[in-house]
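Asks: Taken in sequence, the protein lines are chains A and B. Quick note on the numbering used here: the first sequence kicks off at 2 and runs consecutively. Quick note on the numbering used here: the second sequence kicks off at 39 and runs consecutively.
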Amino acid sequence: MKCAHAVALVGVLLAATTVADTPLEPLRSPQEFDSIRDRAARSKAYFTEAAKVLQHPRCLNCHPATRSPTQGDDLHPHVPLVQAGPENKGTKELPCSSCHGAANAATLGARVKSIPGNDHWSLAPASMAWQGLTTAEICEQIKDPKRNGNRTLAQLEKHLAEDPLVGWAWDPGEGRAPAPGTQQVFGQLISAWIKTGAHCENRSR
Amino acid sequence: MSQQLSINGVTHTVDVDDDTPLLWVLRDVIGLTGTKFGCGIALCGACTVHIDGVPRRSCITSVRSVGNASIRTIEALETTPVGRSLQKAWLDLEVVQCGYCQSGQLMSAAALLAGNATPSDEDIDTVMSGNVCRCGTYGRIRAAIKQAAAEIHQSAPEGTR
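1. Start and end of the alpha helix (DSSP H) containing Pro165/A?
2. Could you confirm whether any beta carbon from chain A is found closer than 9 angstroms to the beta carbon of Ala152/B?
3. Measuring CB to CB, does Ala137/A end up less than 9 angstroms from Arg204/A?
4. Can you say whether His208/B is buried or exposed, counting buried as having 16 or more other CB atoms within 10 angstroms of its CB?
5. Relative to chain B, which residues along the segment 85-97 of chain A have a C-beta separation below 9 angstroms, given in chain order?
6. In the DSSP assignment, find the unbroken alpha helix (DSSP H) run with Thr51/B in it and report its ends.
7. Report yes if the CB atom of Ile109/B is closer than 9 angstroms to the CB atom of Ile45/B, and no otherwise.
8. Would Asn46/B count as contacting chain A if we go by Cβ distances under 9 angstroms?
9. In or out: Ser128/A buried (at least 16 other Cβ within 10 Å) or exposed?
10. What does Ile200/B touch in chain A if you count any residue whose Cβ is under 8 angstroms from its own?
11. Could you tell me which of Pro58/A, Tyr47/A and Lys114/A sits nearest to Asp35/A, measuring between CA atoms?
12. Taking buried to mean at least 16 other C-beta atoms within 10 Å of its own C-beta, is Leu150/B buried or exposed?
13. If you draw a straight line from the C-alpha of Gly86/A to the C-alpha of Arg38/A, how long is it?
14. If you follow the alpha helix (DSSP H) that Ala106/A is part of, which residue opens it and which one closes it?
15. Confirm, please, whether the CB-CB distance from Ile179/B to Val120/B is below 9 angstroms.
16. Taking only the alpha-carbon atoms, compute the straight-line gap between Tyr138/B and Gly133/A and give it to the nearest angstrom.
17. Check each residue of the segment 129-150 of chain B: if its Cβ is closer than 7 angstroms to any Cβ of chain A, include it; give the result in chain order.
18. Name the two residues that bound the continuous alpha helix (DSSP H) containing Gln184/A.
19. Pop quiz: Ser123/A and Val92/B are said to be a contact at Cβ under 8 angstroms. What is the actual Cβ separation, rounded to whole angstroms?
20. At a CB-CB cut-off below 9 angstroms, which residues of chain A make contact with Ser96/B?
Quick look at the structure:
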């Protein structure tokens, strides 16, 4: 296991040299979909656009398929190999807060320029795992109260549009590419998706 | 900026920029050099201290973020039964090779035993994966943590085990 950690550590250091200064990805606003006349088709198009954020590494890394987060734009295993623990904030013995404070923190090293941080830094619950899912599967999952933290669509919209931890994706600290667009446009897309019926693409891969 | 810090039960007044890493304050201002600088990016664990009992990497912890919290460093390890048992086990099993990472290893081990009195090999490997040792003393570290856990268990009053 230690060898695996060492390989992952090298991966972190190599990845960190290539991620910085990535050009910002755009995110189209809801108005740019006005030409789609069919309401359900337009709804799906809103979500597909919003999913550029949901499927971005800044989001996926803490919505992993297992109970351990990943890191970097290549979603490599987190170093160290932390576990979600009972409250999704790591274990008592190795909590997320060992390294992740209330805000992004500058490092003393050159190759990893900052350590991410947020007041509510935590892993998504197991029911909200996104890694490995298609956009259509995430769409179904995110509006299912049994899998979205028992949120109504209105609560979901507020969460995605306003939650500071979601907002971290656009302010991820030096050396880390932010999610596409802005949280404001992302929230507008989610709002438009809900207002048009919250339709999802077919789940076939 | 002048700030008071509680370190190992003693209040220190320091005058440093508020974004100064706690590690520099401990080593260069207070003179507690047991906590080591390793990678500077929170990946190796050499700079681990406890803040309100939680293991923290002091190299990426700004002094501003500490506030009134209680900081404990390797210099205070021996003030707790867990710490003393770990020190004894470390010596008994001659864990240390070059020794540079060992203060961080011990602080992580102390946090582990404080939260899990009878850790399995897997528990130890998982928690201690945050501390890197270039000498490869991992096997001895694991054995020493198990010895310390056993000693603590043996010395616990009947009925509390």
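All C-beta atoms in this analysis are idealised placements derived from N, C-alpha and C, irrespective of residue type, glycine included. The structure presented is a predicted model; accordingly, all values stated were derived computationally and were not measured.
Replies: Based on what the coordinates show:
1. Where Pro165/A is concerned, the enclosing alpha helix (DSSP H) stretches over Pro165 to Gly168.
2. For Ala152/B, the nearest beta carbon of chain A is closer than 9 angstroms to its own beta carbon.
3. Cβ atoms of Ala137/A and Arg204/A: closer than 9 angstroms.
4. Since the first and last residues shown for chain B are 39 and 199, residue 208/B lies out of range.
5. Correct list: Thr92, Lys93, Glu94, Leu95 and Pro96.
6. Premise fails: Thr51/B lies in the beta strand (DSSP E), Val48 to Asp53, not in any alpha helix (DSSP H).
7. Yes; because the gap between Cβ atoms is below 9 angstroms, this pair is in contact.
8. So no, Asn46/B is outside the interface.
9. It counts as exposed.
10. Residue 200/B is absent from the structure shown; chain B starts at 39 and stops at 199.
11. Nearest of Pro58/A, Tyr47/A and Lys114/A to Asp35/A, Cα basis: Tyr47/A.
12. With 16 or more Cβ atoms within 10 Å of its Cβ, Leu150/B is classed as buried.
13. Spanning the two alpha carbons is a distance of roughly 47 angstroms.
14. Ala106/A -> not in any alpha helix (DSSP H); beta strand (DSSP E) instead, spanning Ala104 to Ala107.
15. It is not a contact, given that the beta carbons lie outside the stated cut-off.
16. Approximately 40 angstroms between the Cα atoms of the pair.
17. Taking 7 angstroms as the Cβ-Cβ cut-off against chain A, the residues of the segment 129-150 of chain B that qualify are Ala149 and Leu150.
18. For Gln184/A, the enclosing alpha helix (DSSP H) covers residues Gln184 to Lys196.
19. Cβ atoms of Ser123/A and Val92/B stay farther apart than 8 angstroms, at about 15 angstroms.
20. Among the residues of chain A, none has a CB under 9 angstroms from the CB of Ser96/B; the nearest is roughly 10 angstroms distant.
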